[in-house]
Amino acid sequence: MRRAHLLVITLVVVACSESPVQPGARQLAPESVRFHVGYKGPDVPYGFVTNDAECHVGKRGLRWPQSEWYDVKDFDAHLVTAPSGHITMVCSGDIPDGQPIPSSAEVEQAVLCFLPNQLETRDAQEVFTPSGKIVLTCHYNGE
154 MRRAHLLVIT LVVVACSESP VQPGARQLAP ESVRFHVGYK GPDVPYGFVT
204 NDAECHVGKR GLRWPQSEWY DVKDFDAHLV TAPSGHITMV CSGDIPDGQP
254 IPSSAEVEQA VLCFLPNQLE TRDAQEVFTP SGKIVLTCHY NGE
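Here my numbering is used: the first residue of the sequence shown is 154, the next is one more, and so on.
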């Protein structure tokens, strides 16, 4: 019984290790199941810096009741794709009218953040501030 159990574990590890995706990155889910935040736009070359990338912030996904979901577009995101493969993105938006404003900062850690070049990361956080701002920060370390 124990030998069969170990064989199953070994097969799972082999299947995971042969993924064609870069280490630390995952392919994006189809558009119909993307439920969180991050970059929207064309792929960009490494060694690219911009302050006007399209970014989406807000409450989406299983962490929030569907009645509280919202999506805010930001066209003032700071995006750096370094030649090394490292990507950093910071963007912000305003909590929409009619949505609750927190009395103290709420930090959502390990959010699913979509990045250029069909990468995603959970090395990301979203902060909802008492002043009504949302700030998203995402990091991808490349190889």
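In this text, a Cβ means the ideal position worked out from N, Cα and C, and glycines have one as well.
With a threshold of 16 other beta carbon atoms within 10 Å, residue 226 falls short and is exposed. Judged by DSSP in its simplified three-state form, residue 219 adopts helix.
Straight-line spacing of the CA atoms in residue 285 and residue 247 works out to 6 Å.
The Cβ atoms of residue 197 and residue 241 do not sit closer than 7 Å to each other.
DSSP places residue 247 in the strand class (E or B) of the three-state scheme.
If you look at residue 265, you'll find it isn't in any beta strand (DSSP E); DSSP assigns it neither H nor E. Around the beta carbon of residue 268, 16 or more other beta carbons lie within 10 angstroms, which makes this residue buried. Non-local beta-carbon contacts of residue 232 in its own chain, meaning distances under 6 Å to residues more than five positions away in sequence, involve 203, 206, 242 in chain order. Here residue 253 has 221 as same chain residues with Cβ atoms under 8 Å from its own Cβ, once five neighbours each way along the sequence are excluded. Take the alpha-carbon of residue 290 and the one of residue 211: they are about 13 Å apart. Between residue 258 and residue 281 the beta-carbon gap is near 7 Å, inside 8 Å, which marks them as a contact.
Cβ atoms of residue 239 and residue 295 come within 8 Å of each other, at about 5 Å. Less than 7 Å divides the Cβ of residue 255 from the Cβ of residue 283.
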